[in-house]
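Heads up: the sequence shown begins at 6 in this note's numbering, then just goes up one per residue.
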Amino acid sequence: MLRPVDSTEQNRTTYDALWPRLSDFIRYNPGARHRRRHIIAFLDRLRFATLLDVGCGDASLLRLVDARFSGRKLAGVDLSSVVVEQNRAALSHMEFAVADVSSDALPSGFDVVLCTEVLEHLPEPARALASIAAAVVRGGHVVITTPTGKVHATERYFGHTRHPTRNELALLAEGAGLDVLELSAWGFPAYALTKWATNLRPEAALRRFGGGRAYGAVERGISDALWLANFANLPSSPFGVQLFALLRRR
């Protein structure tokens with residue numbers, strides 16, 4: 006029986022326990038790898054000196070940004086105090102803080118703010134977007150990623166409560182004072198098919214790929230094959246299952 010991650014205040018305790026077990030899942034998961042690829046492509050087009058990652062997790066995205074864009078001031082916030090302390094120990098040249106984007110004031114004055122795979126966990130995404138908008142300078146940019154479409158069993162397990170449509174995300178952004186520069190729905194057909202197939206047997210999929218075990222050659226091989234297959238996705242489609250948004254603060 007799947008036991009979903011609670012999306013209430015218990016998130017803090019839950020994610021403290023969850024993050025240390027997900028390193029291979031984050032590293033090899035084909036969806037996460039393509040999200041990082043899209044985000045770096047956005048950043049390649051922007052001029053920035055400072056960047057904040059909201060919901061930074063184990064800082065895997067910040068590490069990529071650091072490797073590609075040297076000399077930038079990078080920071081991250083996350084709900085989990087455990088992962089924040091790990092990041093501080095491993096990445097002393099970056100700044101990290103514990104924060105709940107829905108209720109805490111975020112550090113401010115950043116040229117770019119990233120928020121990837123966070124909104125789908127929140128009961129009040131509008132409040133989170135308002136906090137994110139306050140963290141970026143006027144004229145600065147915000148990059149958002151979030152799933153769209155059906156919330157599958159494997160996603161409920163990780164605490165997803167609702168996936169916004171393209172129009173809903175655009176309205177949330179506009180309401181927070183963020184202009185939509187680009188908004189695409191990626192993932193059709195390959196990623197949509199991957200999600201569907203994974204959820205034919207969600208418990209088995211979670212045990213093998215999301216249960217905290219180190220990936221062996223088979224798990225890495227399957228993940229690599231799915232990563233390659235997902236290059237076949239259309240850039241945007243009405244049937245896409247992953248939203249990518251580039252926003253600018255007014």
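Where a beta carbon is used, it is the ideal one built from N, C-alpha and C, also for glycine.
- Here the C-alpha atom of leucine 252 lies approximately 28 Å from the C-alpha atom of alanine 234.
- Around the beta carbon of tryptophan 232, 16 or more other beta carbons lie within 10 angstroms, which makes this residue buried.
- Rounded to the nearest angstrom, the gap between the Cα atoms of threonine 121 and glycine 62 is 10 Å.
- Secondary structure within the segment 141 to 168: the alpha helix (DSSP H) runs of 4 or more consecutive residues, fully enclosed, are 158 to 162 (chain order).
- Annotated three-state conformation of arginine 212 is helix, per DSSP.
- For alanine 230, the closest of Asp29, Tyr33, Leu27, Arg213 by C-alpha to C-alpha distance is Tyr33.
- The beta carbons of glycine 154 and valine 246 sit closer together than 8 Å.
- Of all C-beta pairs linking the segment 131 to 140 to the segment 33 to 51, fewer than three are shorter than 8 Å, placing the two stretches out of contact.
- When the Cα atoms are used, proline 130 and leucine 188 turn out to be separated by approximately 17 Å.
- By the 16-neighbour rule on beta-carbons within 10 angstroms, tryptophan 191 is buried.
- Under DSSP, glutamine 247 forms a beta bridge with Pro152, Trp191.
- In the three-state DSSP reduction, valine 223 falls in the helix class (H, G or I).
- Under the three-state reduction of DSSP output, valine 88 falls in the helix class.
- Residue burial annotation: phenylalanine 244 is exposed, with fewer than 16 other C-beta atoms found within 10 angstroms of its C-beta.
- Under the Cβ criterion (8 Å, minimum of three pairs), the segment 86 to 100 counts as touching the segment 50 to 70.
- Shown here, leucine 27 sits in coil according to DSSP, grouped into three states, outside any helix or strand.
- Three or more Cβ pairs closer than 8 Å define a contact, and the segment 70 to 86 meets that threshold against the segment 104 to 115.
- Around the beta-carbon of aspartate 184, fewer than 16 other beta-carbon atoms lie within 10 Å, marking it exposed.
- In this structure, the beta-carbon distance from alanine 202 to alanine 237 does not fall below 8 Å.
- Taking the CA atoms as reference points, aspartate 58 sits about 14 Å from valine 88.
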